[in-house]
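Student:
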Amino acid sequence: MATLTPKPFAHKTIAITGAAQGIGLAIAHYLASRGANLALSDIKRSELEAAHQSLSQAFPDIIITSTVVDVSSTPSINAWIASTLSTFGAFSGAVNNAGILGPWVNITDIKDEDWERVQRVNVGGVMRCLRAELGVIEEGGSIVNLSSVAGLKGCPGLSPYVTSKHAIIGLTKCAAMEAGRRGVRVNAVCPGSIETPMLVEVEAGLKLPPGPLGRGGTPEEVASMVGYLLGPESVYMSGCAIPIDGGLCSA
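Per the working numbering, the sequence shown runs over residues 42 to 292.
#1: I need the straight-line Cα distance from Gly211 to Tyr277, nearest angstrom please.
#2: Who are Ala282's beta bridge partners in DSSP?
#3: Within this structure, are the beta carbons of Val162 and Ser113 separated by less than 7 Å?
#4: Is it a yes or a no for the region 136-152 touching the region 164-173, going by three-plus beta-carbon pairs under 8 Å?
#5: Here's the rule: buried if 16 or more other CB atoms are within 10 angstroms of the residue's CB, otherwise exposed. What is Lys48?
#6: Whole angstroms are fine: how far does the CA of Ala61 sit from the CA of Ala92?
#7: Compute the Euclidean distance between the alpha carbons of Ser291 and Trp145, then round it to the nearest angstrom.
#8: Using a threshold of 6 Å, is the CB atom of Trp145 nearer than that to any non-hydrogen atom of the ligand ADP?
#9: What are the uninterrupted segments assigned as alpha helix (DSSP H) that are 4 or more residues long and contained completely in the region 145-226, given in chain order?
#10: State the Cα-Cα distance for the pair Pro52 and Ile118, rounded to the nearest angstrom.
#11: Taking 8 Å as the limit between beta carbons, can you name the residues of its chain near Thr128, skipping five residues before and five after?
#12: Sort out for me which residues DSSP pairs Ile55 with in a bridge.
#13: Give me, in chain order, the residues of the same chain whose beta-carbon lies closer than 7 Å to that of Ser265; leave out the 5 immediate sequence neighbours on both sides.
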């Protein structure tokens, strides 16, 4: 049984994509408060710099790096992971959070370039990150991919996004099976109506009734589940896709 400690990630490094705002930033705060060193990345330079500054001020005892990364680019991801290893020597966890919503459009009206962009960033980004991370993450490490309740349900008018989030769950299960022999765990979380602009828009498009808890969630509530999956208390969990939706998917 894992020993409970207020700093379960002390002296460990965790790499996070999409870390500049919303759920990604909440995850960074959660992990930093529990002792993790952070390798942050995002495509938005100014927001990433602001996040780095705020985290450094709030948690002066940890080491933080930040890198502008385009998850649709293999060289960009590979350079970031190589830089992370050069700075920290190793890393024991990763959160693949970066993604885009894409257009609201019926299948009959989808443009090829719009479809391909969403797949390239969302599921392609997670694949590229996993490909780079799985070869170098410490034995016994943990990776969490961000899917969505849209990865568990359909949504008319949002098929590019929904398809990408379903694919992330399938990719997570395959990665968990391939990495398990090294003791590396790979899981996914599926946020519902969380108080970020993109996820609120997704939930509105799904046109689903409120879940049993009768409210939306917060980025911090997603972050706590991600932290649990990265930490020592979930060492027998891998290949899971966990809804964080106030009971919506079970209602």
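By construction, the Cβ of each residue, glycine as well, lies at the ideal position given by its N, Cα and C atoms.
Tutor: Considering the structure as presented:
#1: 19 Å
#2: Ala229
#3: If you check the CB distance, Val162 and Ser113 come in under 7 Å.
#4: yes
#5: So Lys48 ends up on the exposed side.
#6: 6 Å
#7: 26 Å
#8: As far as ligands go, the structure on display features none, and thus does not contain the ligand ADP.
#9: With a minimum length of 4 residues, the continuous alpha helix (DSSP H) runs that stay inside the region 145-226 are 153-162, 164-175 and 200-220.
#10: Inspection of the sequence shows that residue 52 is occupied by His rather than by Pro. Rounded to the nearest angstrom, the two C-alpha atoms are 23 Å apart.
#11: Ala80, Ile104 and Thr106
#12: According to DSSP, which records beta bridges pairwise, Ile55 is partnered with Leu79 and Gly134.
#13: Tyr71
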